[in-house]
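Participant: Take a look at the following structure, please.
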Amino acid sequence: MILDGLTSVGCSPVLCDLPGHGSHSTDLDPRHFSLEATLTQVEHAGVWPTDLIGYSMGGRVALHFAATYPTKVRRLILESASPGLATEGERLERQVNDEELARKIELHGVEDFLRHWERLPLFESQLQLPGPVRTERHAQRLRNTKAGLASALRGLGTGVLPSLWDVLPNIQTRTLIIAGELDAKFVEIGKEMAAMLPQAELHIVSGAGHTVHLERPQLWVEAVDEFISST
């Protein structure tokens, strides 16, 4: 539904898996698990300038891409994303937590990790999804590898990437920030980002949590289509 919705307004979507995820889950070259390498990967995947869409970690990477290559991004769409942790202390604490999680993934495997991950309050609203949708999503996540996920946490985790809070006022790209109304944390982050980005608007999707595109796909498509069509 999402891809069909984008093509209806003349877009030709190009999907880009992050290091350690999807088609890149078995590529364990340490050189590929860095922000710089990931931005290069994104650059090679597209025809620029273009619209860039990112969800969660992907949104964080998309924001870094827009800050690094401002002339390449025509419009920026961020779903449940943040500019990172503001202080060095927060980032160091997160690095410790992510390293502990990475070791657990390596020790116990992806399925054990998902049992914990999918029960986090952040994803509680996904329990309202139809059973077949949850099953398919779980199966997609299981196709990741424990080494790939652990490496992604170490190389691209929130604690590793630099904060972009101070950079936001300099990003002139037209930006749509999407957050689910049930995801209070990212609604607040979205409000703060929208206030700091010069050309940003915030769209809060009713009845959705962290994974808006999965929980309310039609509303997600409508918001993105309207943004692209009007700008």
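All residue numbers for the sequence shown refer to our numbering, where the first residue is 820 and numbers rise by one. All C-beta atoms in this analysis are idealised placements derived from N, C-alpha and C, irrespective of residue type, glycine included. Please read these numbers as outputs of a predicted model, since none were measured by experiment.
(1) Return the Cβ separation of Glu1034 and Gly1028 in integer angstroms, given the expectation that the two are a contact with Cβ distance under 8 Å.
(2) Taking buried to mean at least 16 other C-beta atoms within 10 Å of its own C-beta, is Glu833 buried or exposed?
(3) Is the segment 893–904 touching the segment 864–877, taking contact as three or more C-beta pairs under 8 Å?
(4) Evaluate Arg894 with the Cβ neighbour count: other Cβ atoms within 10 Å of its Cβ, from every protein chain shown; 16 or more gives buried, anything less gives exposed.
(5) When the cut-off is 8 Å and only beta carbons count, does Asn963 lie next to chain B?
(6) Are Leu882 and Phe932 close, meaning C-beta to C-beta below 8 Å?
(7) Would you check if there are 3 or more beta carbon pairs closer than 8 Å linking the segment 908–920 to the segment 947–964?
(8) In three-state terms, what does DSSP make of Leu871?
(9) Please list the segments of the beta strand (DSSP E) lying wholly inside the segment 958–1009, counting only runs of 3 or more residues, in order along the chain.
(10) Do you know offhand how far Ser943's Cα is from Trp936's?
Facilitator: This is what the structure holds:
(1) That pair is a contact at about 6 Å.
(2) Note on identity: in this sequence residue 833 is Val, with Glu being the wrong assignment. By the neighbour-count criterion, in which 16 or more other beta carbons inside 10 Å mark a residue as buried, Val833 falls on the exposed side.
(3) Output reads yes: the segment 864–877 touches the segment 893–904.
(4) Result: buried.
(5) As a matter of chain content, chain B is missing from the structure shown, which is built from one protein chain.
(6) Taking 8 Å as the Cβ cut-off, Leu882 and Phe932 do not qualify as a contacting pair.
(7) Output reads no: the segment 947–964 does not touch the segment 908–920.
(8) In the three-state scheme derived from DSSP, where H, G and I count as helix and E and B as strand, Leu871 is classed as strand.
(9) Assignment of beta strand (DSSP E) within the segment 958–1009, counting only whole runs of 3 or more residues, yields 993–999 in chain order.
(10) Note that residue 943 corresponds to Glu in the displayed sequence, not to Ser. Using only the alpha carbons, I get a separation of about 10 Å.
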